[in-house]
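Position one of the sequence shown corresponds to residue 0 (numbering that gives the first Met the number 0), numbered consecutively onward.
For each residue, glycine too, the CB sits at the ideal point set by N, CA and C.
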Amino acid sequence: MAPENTQKWFLLIHQIPPKPNALRVKIWRRLQQVGAVAIKQSVYVMPLSDPSREDLNWILKEIVEGGGDGSISEARFVEGLSDDQIRTLFQNARKADYDKLIQEANALLADWSTESIDLRDPVAKGALQLSKLQRRLDEIGAIDFFQAPERNTAELLIRELTNQVSDAPAAGTIDATALGDLMGKTWVTRKNLFVDRIACSWLIRRFVDRAAGFKFVAGPHYALKSDEIRFDMFDGEYTHEGDRCTFEVMIRRLQLQDHGLGPMAEVVHDIDLKDEKFGRRETVGFNALLTGLVAMQMDDDRRMTEGIKLFDNLYAYYRRQKRE
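Take a look at the structure:
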């Protein structure tokens with residue numbers, strides 16, 4: 000008997016005639032559009048929900064009308080493939096979508112920063128380019144069932160593009176001239192930590208407040224309480240500014256002077272923004288360690304604790320390099 004805390008899923012199991020090939024391609028595309036992922040050949044899974052049921056029912060109808068057959072069932076996984084592994088499949092599928100969007104957004108930011116143009120001029124098509132990226136972000140978000148880590152970076156980049164089109168000031172205006180003002184605060188960020196948020200957590204614990212508390216929230220928007228500070232999220236007191244990730248922004252605004260932080264910021268920047276701006280040789284290996292950590296630890300508290308240890312090691316490496 001399956002444990003009560005296991006997740007329920009919808010499974011679509013189908014057979015499609017080998018010809019015409021157009022039907023097979025059509026069904027594959029439809030499954031990609033609704034966010035289903037394959038766990039075996041001709042076996043697709045989606046989280047149990049009314050929208051998932053409706054999407055799969057329509058796809059099954061198309062399969063049958065095309066001469067194939069199939070069935071939809073509710074399932075729990077009790078042996079072999081685990082719920083966490085399935086969630087990772089969904090996150091990896093969306094990672095590819097977000098990565099492409101992030102690359103295009105970075106390219107657009109670079110173009111806008113080097114060209115002397117009025118982005119609000121219809122001739123410049125700034126609003127049109129932004130609208131296309133925003134629409135794609137919405138489409139990916141609609142099938143991002145388990146909050147892929149790359150989602151936050153994509154959202155922050157779209158927001159920066161929006162600020163440039165509307166000529167709005169960058170987010171984050173808190174006065175950080177005295178670190179004492181930041182002591183005893185609870186630091187709030189989005190769930191599903193990855194490189195930038197883990198790096199910022201490390202920075203806060205090491206240079207700001209060793210006893211700092213953290214809160215991980217589900218949505219992009221959060222109503223701030225008097226004893227809280229938001230970071231690496233929409234409307235955050237510390238978040239992306241221009242082509243800087245939040246880790247870079249925090250170092251700059253807190254006026255931290257430490258020769259180990261410069262190369263660390265370059266590694267974090269390249270992993271988070273995926274623009275290969277600095278190209279440090281350590282970046283690929285460190286990215287692999289963080290990606291493995293995310294795959295192993297679904298709990299954000301544990302992910303942060305173990306991630307801070309990784310950043311401790313990276314910091315020690317750069318400090319030792321300087322001494323040598």
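A direct Cα-Cα distance of roughly 20 Å separates LEU160 from ILE270. Contact between PHE9 and ARG86 does not hold, since their C-beta atoms are separated by about 15 Å, which reaches or exceeds 8 Å. Within the same chain, Cβ atoms closer than 7 Å to the Cβ of ARG204 are found at ALA211 and ILE307, the five residues on either side in sequence being excluded.
Note on geometry: alpha-carbon atoms of CYS244 and ALA104 lie some 14 Å from one another.
Within the same chain, Cβ atoms closer than 8 Å to the Cβ of LYS94 are found at ALA147, PRO148 and GLU149, the five residues on either side in sequence being excluded. Taking ARG29 as reference, the option from ASN151, ILE12, LYS7 and LEU59 with the minimal CA-CA separation is LEU59. Note on geometry: alpha-carbon atoms of LEU80 and MET182 lie some 44 Å from one another. Under DSSP, the beta-bridge partners assigned to ARG243 are GLU240. With a beta-carbon spacing of about 5 Å, GLY66 and PRO16 fall inside the 8 Å limit used to define contacts. The C-beta distance from VAL266 to GLU281 rounds to 6 Å, short enough to meet the 8 Å contact threshold. Nearest to ALA109 by alpha-carbon distance, out of ALA315, THR304, ASP137 and ASP274, is ASP274. Excluding five sequence positions before and after VAL24, none of the CB atoms of its chain fall closer than 6 Å to its own CB. In this structure, ARG318 places its C-beta atom within 8 Å of the C-beta atom of GLY259. With 16 or more neighbouring CB atoms inside 10 Å of its own CB, ARG229 falls in the buried class. The alpha carbon of ALA74 has as its nearest neighbour, out of ILE12, LYS7, HIS268 and LYS18, the alpha carbon of LYS7.
Rounded to the nearest angstrom, the gap between the Cα atoms of TRP27 and ASP98 is 21 Å. Within its own chain, the residues whose Cβ lies closer than 8 Å to the Cβ of LEU47, once the five positions on either side in sequence are excluded, are GLN6, LYS7, TRP8, PHE9 and GLU73, listed in chain order. DSSP places ALA126 inside the alpha helix (DSSP H), whose first and last residues are 125-141. Closest in alpha carbon position to ALA21, among VAL283, GLU61, TRP57 and LYS39, is GLU61. A Cβ-Cβ distance of about 13 Å is found for the pair VAL36 and PHE76, leaving them out of contact under the 8 Å criterion.
LEU289 sits close to LEU309, with the two beta carbons spaced by under 8 Å. When PRO50, ILE101, CYS199 and GLY241 are compared, the shortest CA-CA separation from ARG209 is found for CYS199. The C-beta separation of ASN151 from MET232 comes to about 7 Å, placing the pair in contact by the 8 Å criterion.
Distance from LEU55 to LEU100 at the Cβ level is roughly 26 Å; contact not present, criterion being Cβ atoms closer than 8 Å. The continuous alpha helix (DSSP H) containing SER51 extends over residues 49-64. DSSP places PHE215 inside the beta strand (DSSP E), whose first and last residues are 212-216. For ARG196, the closest of ILE12, ASP226, LEU155 and ASP180 by C-alpha to C-alpha distance is LEU155. MET297 sits in coil when the DSSP states are folded into three classes, being neither helix nor strand.
Between the alpha carbons of PRO262 and GLU305 lies a gap of roughly 21 Å. Taking C-beta atoms under 8 Å as the contact rule, MET297 and ASP83 qualify, at a distance of about 6 Å. Taking 8 Å as the cut-off, the beta carbon of ALA153 is found closer than this to the beta carbon of LEU136. Judged by DSSP in its simplified three-state form, PRO262 adopts helix.
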